[in-house]
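Here is the structure we will look at.
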Amino acid sequence: MYLGIEIGGTKLQIGVGAGDGSDLADVCRSEVDPRRGASGILEEIDRHAAALLQRHRIERIGIGFGGPVDSTSGRVVKSHQIDGWEDVRLVEWCRTALSLPAVLGNDCDAAALAEARFGAGRGKRIVFYVTVGTGVGGGLVVDGKLYGAGRPAVAEIGHLRPGLHHDRPDDTVESLASGWGVVAAAQARLSGQIARPLELARGSRGPLHKEAVRQRLADARQADDEYASDLLARCGSDPDSLTSKMVAEAAGEGNEIAREVFQHAVHTLGWAIAQAITLVAPEVVVVGGGVSLAGEQLFFTPLRDAVGQYAFGPLAGSYVVAPAALGELAVVHGALALAAESSA
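So the sequence shown is numbered by the working numbering: it starts at 812 and just counts up by one.
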């Protein structure tokens, strides 16, 4: 049996399993307190792992870490959410604190491996995995093996620049299509930084008289005010408390501001996935993460439409875009698979 650990920006999960996709023998979860930094997470791992090690005979540890890692040296490069992870030798820490050998990988790579071997990509030769949550990450699995192992980064779809004019390092697909990107766009609409598109105010083709234009603009402003009030009510009149789930729910219930914001994010993601399909020709693109839970009508149908719009024509019909099958345990299953593979 192996110990699989998922270390994220918001949650910590530790599971015990065989690393073959079978049901976990044991699992524990806890929320990450960002104020405690990396040391707080290591304390939590030590506490939970100690209890699991008493109940199970563990051979090795696999870790899926939410950030860039150097898997060859077993070192965390950094975390984009939690302080204190810079240059932490996590494999060495496991050997010292838990008295077990360990293998380290990126969390998205771990989830990609799990979905390719045991989930929605099972039986396919080339599987591209995308997670859309707090951030946007990717992983590529070919013939059941992670592609690019040992490289500083690979398949980082969230860090594509969506156009030549996006020249800042932080101006990425992730900044537009992630949960944080959705919230930021909605907050911009609520603050008036981004106005309702004029085309929506026009509502018809051909020239309009001045009075008609004024009336349509007035109607659009009134509708915008109503949609903005709805979004503010959902977050208790505190835009800083707005979440991507709230925006998705509002979009599904007919809020046009929320719908425009959410669909722009989905369209951006579809463009990015189309680039990956054009480059590596996967048989299946598996999409997971919290934002994807918005469902078929709001997320997957418009996503597939956008992918089809931008992907290379000859590849049409040669791939599917499918929801992830392993849910919130995908990274844990992937970490267990890494551990099992490392000890083989």
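Cβ atoms here follow ideal geometry from the backbone N, Cα and C, with glycine treated the same way.
817 is the residue among 1067, 913, 845 and 817 whose C-alpha sits nearest the C-alpha of residue 925. In the pairwise beta carbon analysis, the stretch 935 to 942 is classified as touching the stretch 1094 to 1106: at least three pairs are separated by under 8 Å. Nearest neighbour of residue 931 by Cα position, chosen from 1152, 1149 and 1141, turns out to be 1141. Shown here for residue 855: same chain residues with a beta carbon closer than 7 Å to its own, the five before and five after excluded, namely 823 and 841 in chain order. The stretch 886 to 933 is shown to contain whole beta strand (DSSP E) runs of 3 or more residues at 913 to 917, in chain order. Relative to residue 1106, the option among 1088, 814 and 1059 whose CA is nearest is 1059. DSSP places residue 837 in the uninterrupted beta strand (DSSP E) bounded by 837 to 842.
Just so you know, the alpha carbons of residue 876 and residue 1110 end up roughly 27 Å apart. Nearest in C-alpha terms to residue 973, of all of 882, 1133 and 1076, is 1076. Around the beta carbon of residue 1002, fewer than 16 other beta carbons lie within 10 angstroms, which makes this residue exposed. Counted as a single uninterrupted DSSP element, the alpha helix (DSSP H) harbouring residue 1112 occupies residues 1112 to 1121.
Burial check for residue 1083: the Cβ neighbour count within 10 Å reaches 16 or more, so the residue is buried. For residue 955, there is no enclosing beta strand (DSSP E), as DSSP marks it with neither H nor E. Annotation for residue 1056: the continuous alpha helix (DSSP H) segment containing it runs 1055 to 1063. In the DSSP assignment, residue 826 falls within the unbroken beta strand (DSSP E) covering 822 to 828. Across the set 997, 946 and 951, the C-alpha of 946 shows the shortest separation from the C-alpha of residue 983. In the DSSP secondary-structure assignment, residue 871 is bridged to 813.
Residue 966 and residue 944 do not touch by the CB rule: their CB atoms are close to 16 Å apart, not below 8 Å. According to the DSSP secondary-structure assignment, residue 876 is paired through a beta bridge with 818 and 917.
Residues 832, 1137 and 1144 of the same chain have their beta carbon placed closer than 7 Å to that of residue 929, with the five preceding and five following residues left out of the count. CA-to-CA, the gap between residue 1116 and residue 919 works out to about 24 Å. Nearest C-alpha to residue 890 among 1046, 1134, 985 and 879: 879. With 16 or more other Cβ atoms from the protein chains shown falling within 10 Å of its own Cβ, residue 1079 counts as buried.
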